[in-house]
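In the UniProt record's numbering, the protein residues as written are 1 to 222.
Here is the structure:
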């Protein structure tokens, strides 16, 4: 009797253990099959709400993305007004395309940067790749402290030097330095290898040093 009860207990224990193992295996399969975008993309839920025409989600997305996109377009184009136009067109595209967005495709932020860069390229081609003139700063009616005026002057020289770079060098430098992307992220966005990106960055920094050498030897990017 005791042996039979022990045997039944062992069978129940093994059965329960099997069920636990089955559940664990199922959970593992579910985790592996979960769409990539929902796993790693912090924008997935918000984009889905935009696709559902949630006005509050649109406002949240603009607040989250506009500053970086505007900075990217401004540094690529050298013109704040044009950059604002690019940003507006980008968000119009988001509004139109969000309903068709599918989880598991490219990360939303990568797609967003690519849209901005393509729009910038369109405008730069319209200029026939001529150097971009940076718009002069509007003078402040109040005198500026010397340090602030010096900073503004230095920043203006860097913007002008950046605008004069070949467009691919400018793109590489803006993504890696100003947008704070890793070399892998920037290379992936530009559709080139990491080695090619590093070559572009080296040439871009060398060209910047050459252009800024007449102003101040300390004005450099990395």
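In this text, a Cβ means the ideal position worked out from N, Cα and C, and glycines have one as well.
Sub-8 Å separation of residue i and residue j beta-carbons
i, j, result
"residue 82", "residue 123", "yes"
"residue 50", "residue 106", "no"
"residue 84", "residue 70", "yes"
"residue 282", "residue 119", "The requested residue 282 is not part of the displayed model; the chain covers only 1 to 222."
"residue 108", "residue 43", "yes"
"residue 211", "residue 164", "yes"
"residue 161", "residue 208", "yes"
Residue i, buried or exposed, once every other Cβ within 10 Å from all chains shown has been counted against 16
i, result
"residue 96", "exposed"
"residue 78", "buried"
"residue 176", "buried"
"residue 186", "buried"
"residue 155", "exposed"
"residue 102", "exposed"
"residue 170", "buried"
8 Å Cβ cutoff, residue i in contact with chain B
i, result
"residue 189", "The structure shown contains no chain B, having only a single protein chain."
Contacting residues, own chain, Cβ-Cβ under 6 Å from residue i (five flanking each side not counted)
i, result
"residue 173", "204"
"residue 52", "none"
"residue 80", "74"
"residue 196", "none"
"residue 24", "Interpretation of residue 24 is limited by its pLDDT of 42, a score under 50 that renders its predicted location unreliable; the figure taken from the coordinates is listed afterwards. Result list for residue 24: empty, nothing under 6 Å."
Residues near residue i in its chain [Cβ-Cβ closer than 7 Å; skip 5 each side]
i, result
"residue 179", "68, 72"
"residue 198", "183"
"residue 57", "46, 49, 50"
"residue 193", "187"
"residue 41", "107, 108"
"residue 27", "Bear in mind that the predicted position of residue 27 carries a pLDDT of just 41, short of 50, making it too unreliable to give a figure here."
Residues near residue i in its chain [Cβ-Cβ closer than 8 Å; skip 5 each side]
i, result
"residue 112", "65, 69, 90, 94"
"residue 189", "110, 113, 114, 117, 175, 181"
"residue 206", "none"
"residue 121", "167"
"residue 100", "51"
Range of the contiguous alpha helix (DSSP H) that encloses residue i
i, result
"residue 178", "From DSSP, residue 178 is part of no alpha helix (DSSP H); its letter is neither H nor E."
"residue 101", "Here residue 101 belongs to no alpha helix (DSSP H), and DSSP marks it neither H nor E."
"residue 126", "108-126"
"residue 166", "Careful: residue 166 lies outside any alpha helix (DSSP H) and carries neither H nor E."
"residue 45", "44-51"
"residue 196", "194-212"
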